[in-house]
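**Student:**
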Amino acid sequence: MGLDIEKIRGLFPVLHQEVHGKPLVYFDNAATTQKPQAVLDALTNYYEKDNSNIHRGAHALADRATRYFEETREAIQQFINAREAAEVIFTKGTTEGINLVASTYGRKFVEKGDEIIISTLEHHSNIVPWQMLCEEKGAILKIIPINEAGEILFEEFEKLLSPKTKLVSIVHASNALGTINPVKQVIDAAHAVGAKILLDGAQSSSHLQIDVQALDCDFFAFSAHKLYGPTGLGCLYGKREVFETMPPYQGGGEMIKEVTFEKTTYNEIPFKFEAGTPNIGDVIAFKAAIDFINEIGKNAIKAHEDELLTYANEQLTQIKGFIPVGTAKDKVSVLSFNINAMHPYDVGMMLDANGIAVRTGHHCTQPLMKRFGLEGTVRASFAVYNSKSEIDKLAESVSRIARIKNK
Numbered sequence: 001m002g003l004d005i006e007k008i009r010g011l012f013p014v015l016h017q018e019v020h021g022k023p024l025v026y027f028d029n030a031a032t033t034q035k036p037q038a039v040l041d042a043l044t045n046y047y048e049k050d051n052s053n054i055h056r057g058a059h060a061l062a063d064r065a066t067r068y069f070e071e072t073r074e075a076i077q078q079f080i081n082a083r084e085a086a087e088v089i090f091t092k093g094t095t096e097g098i099n100l101v102a103s104t105y106g107r108k109f110v111e112k113g114d115e116i117i118i119s120t121l122e123h124h125s126n127i128v129p130w131q132m133l134c135e136e137k138g139a140i141l142k143i144i145p146i147n148e149a150g151e152i153l154f155e156e157f158e159k160l161l162s163p164k165t166k167l168v169s170i171v172h173a174s175n176a177l178g179t180i181n182p183v184k185q186v187i188d189a190a191h192a193v194g195a196k197i198l199l200d201g202a203q204s205s206s207h208l209q210i211d212v213q214a215l216d217c218d219f220f221a222f223s224a225h226k227l228y229g230p231t232g233l234g235c236l237y238g239k240r241e242v243f244e245t246m247p248p249y250q251g252g253g254e255m256i257k258e259v260t261f262e263k264t265t266y267n268e269i270p271f272k273f274e275a276g277t278p279n280i281g282d283v284i285a286f287k288a289a290i291d292f293i294n295e296i297g298k299n300a301i302k303a304h305e306d307e308l309l310t311y312a313n314e315q316l317t318q319i320k321g322f323i324p325v326g327t328a329k330d331k332v333s334v335l336s337f338n339i340n341a342m343h344p345y346d347v348g349m350m351l352d353a354n355g356i357a358v359r360t361g362h363h364c365t366q367p368l369m370k371r372f373g374l375e376g377t378v379r380a381s382f383a384v385y386n387s388k389s390e391i392d393k394l395a396e397s398v399s400r401i402a403r404i405k406n407k
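Per UniProt numbering, the very first residue in the sequence shown carries number 1; after that it's consecutive.
Listed below in structure tokens is the structure:
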């Protein structure tokens with residue numbers, strides 16, 4: 001039995017509005033998902049009833065806030081199947097999680113002549129931190145190539161691996177194309193040469209079942225706002241034995257055990273990496289987002305999104321002038337495309353005039369766009385609250401835009 005999409009849509013207040021006199025069709029979910037009422041209520045409830053700093057407080061509000069905060073950590077542990085809640089660190093998002101690993105594990109263990117491997121598919125947040133580290137350390141950054149469909153060439157990746165490979169950092173699912181990488185194979189190959197591996201899970205976390213123990217990744221970074229949760233919040237999973245070898249990311253309150261003017265000793269994980277007052281309200285509200293996903297079920301969400309992606313491909317590929325970009329066999333619900341000789345931004349503006357929200361440009365993947373000889377694409381990305389009738393509106397608008405250009 002399929003999902004009751006109208007019932008699900010009723011949980012999201014923002015979807016019920018008009019844009020330029022047209023009902024909003026929100027297809028920008030790879031950039032950020034919308035938030036169900038339960039998340040908004042949890043955030044409001046915290047500030048209205050429980051607002052307090054957490055840990056070490058000796059009063060009721062502090063006790064409640066601390067309990068709700070740590071309940072979210074435990075929910076995330078279960079959501080990604082970490083061995084223990086202490087392996088979950090709260091960050092500002094995927095970008096900060098990657099930077100944390102580069103600045104701590106990287107600075108401690110990467111030396112001159114060592115090698116770091118990433119792929120052509122990476123978001124800038126999984127390129128620039130490694131470039132900065134390599135420049136600082138004299139290390140070498142190697143790139144896994146891709147084919148015309150937007151899939152990594154695994155055999156070429158194997159050739160890049162060597163005893164000098166210190167770390168592999170790869171996107172689990174591409175934000176620009178939707179490609180799902182064969183990460184279990186990548187992890188096993190990286191571990192075979194003694195390298196650690198980080199997965200950028202910004203996109204995969206909302207579409208795929210995540211089991212960090214089964215994957216055996218050393219790090220997994222993701223963001224709450226891609227998971228129907230608040231912005232400005234993310235998580236970094238790391239194996240305890242790896243985290244414990246790493247120095248702190250920032251100094252301040254919470255991350256210390258004892259401070260003297262002569263020496264400071266550091267707290268246990270996860271607190272060693274959580275300096276200062278955290279984003280308490282958003283962390284608490286994030287649990288409501290996880291509960292929303294769990295109630296529907298990841299498998300049911302993926303099945304619905306896969307159906308939408310298949311339907312969108314069927315409808316749009318019939319349009320003269322429609323050019324899909326990224327045709328991997330294994331994808332999350334991201335459809336990237338261009339219309340013959342039209343700038344993506346112009347297409348996006350025309351779609352917006354019809355109430356359809358998409359993302360245009362290079363999607364923070366300029367090297368990937370260069371690989372395809374493109375300035376950018378139009379990206380439609382689907383979530384659990386989207387419907388086939390909305391895709392019909394997209395297809396109708398794209399067809400009309402393409403006819404204008406083909407005249």
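For every residue, glycine included, the Cβ atom is placed at its ideal position computed from N, Cα and C.
Taking just the CA atoms, how far does N279 sit from L61?
**Tutor:** 16 angstroms
**Student:** Nearest-angstrom Cα distance between P230 and G281?
**Tutor:** Cα to Cα, the separation comes out at about 9 angstroms.
**Student:** Beta-carbon separation of A195 and L167 under 9 angstroms?
**Tutor:** yes
**Student:** Do I116 and W130 count as a contact pair if the criterion is CB distance below 9 angstroms?
**Tutor:** yes
**Student:** Which of the three DSSP states is assigned to V332 in this structure?
**Tutor:** coil
**Student:** So, at 6 angstroms on beta carbons, what are the nonlocal neighbours of S52 in its own chain, with the 5 sequence-adjacent residues on each side left out?
**Tutor:** L61, A62, A65
**Student:** How far does the alpha helix (DSSP H) with V378 in it reach, from first residue to last?
**Tutor:** Segment 377-381 is the beta strand (DSSP E) holding V378; no alpha helix (DSSP H) there.
**Student:** Quick check: what's the CA-CA separation for A139 versus Y249?
**Tutor:** For A139 and Y249, the distance between alpha carbons rounds to 21 angstroms.
**Student:** Within 10 angstroms of the Cβ of M246, are there 16 or more other Cβ atoms? Answer buried if so, exposed if not.
**Tutor:** Classification of M246: buried, given that the 10 Å Cβ count is 16 or more.
**Student:** Closest to Q318 by C-alpha separation, out of I301, S399, F220, would be which residue?
**Tutor:** S399
**Student:** Applying the 10 Å Cβ sphere with the 16-neighbour rule, what's the burial state of M255?
**Tutor:** It counts as buried.
**Student:** Any idea what DSSP makes of V261, helix, strand or coil?
**Tutor:** Checking the sequence shown, residue 261 turns out to be Phe, not Val. The answer is coil: DSSP assigns F261 none of H, G, I, E or B.
**Student:** H343 and A176 - do their beta-carbons sit closer together than 9 angstroms?
**Tutor:** no
**Student:** List in chain order: all unbroken alpha helix (DSSP H) runs of 4+ residues lying wholly within the region 88-154.
**Tutor:** With a minimum length of 4 residues, the continuous alpha helix (DSSP H) runs that stay inside the region 88-154 are 94-101, 128-137.
**Student:** Looking at I127: is its Cβ nearer than 9 angstroms to the Cβ of R371?
**Tutor:** I127 places its beta carbon 9 angstroms or farther from that of R371.
**Student:** With distance defined between alpha-carbon atoms, name the residue in T33, I89, G252, Q315 nearest to R240.
**Tutor:** The option with the nearest alpha carbon to R240 is I89.
**Student:** Could you tell me how far apart the beta carbons of F382 and N29 are, in whole angstroms, since I believe they sit closer than 8 angstroms?
**Tutor:** 6 angstroms
**Student:** If you draw a straight line from the alpha carbon of T44 to that of K142, how long is it in whole angstroms?
**Tutor:** 46 angstroms
**Student:** With three or more C-beta pairs closer than 8 angstroms as the rule, is the region 352-361 touching the region 20-27?
**Tutor:** yes
**Student:** Do the region 291-303 and the region 106-120 meet, that is, are 3 or more Cβ pairs less than 8 angstroms apart?
**Tutor:** no
**Student:** Along the chain, where does the beta strand (DSSP E) that runs through F79 open and close?
**Tutor:** No beta strand (DSSP E) holds F79; the alpha helix (DSSP H) holding it covers 60-80.
**Student:** Which residue comes first and which comes last in the beta strand (DSSP E) that contains L177?
**Tutor:** First-last for L177: undefined, no H or E at that position.
**Student:** If you drop the 5 nearest sequence neighbours on each side, which residues of the same chain put their C-beta closer than 6 angstroms to that of G97?
**Tutor:** T91, A221, G234, L236
**Student:** Are D291 and A75 closer than 9 angstroms when you measure CB to CB?
**Tutor:** yes
**Student:** Tell me the DSSP bridge mates of K22?
**Tutor:** V19
**Student:** Select from Y385, I152, L368 the residue whose C-alpha is nearest the C-alpha of Y26.
**Tutor:** Per the Cα distances, Y385.
**Student:** Let's test the definition: count the other Cβ atoms within 10 Å of the Cβ of F219 and tell me whether it reaches 16, buried, or not, exposed.
**Tutor:** Classified as buried, F219 has 16 or more neighbouring CB atoms from the shown chains inside 10 Å of its CB.
**Student:** Going by the CB atoms, is the gap between R379 and L309 shorter than 9 angstroms?
**Tutor:** Between L309 and R379, the C-beta spacing is not below 9 angstroms.
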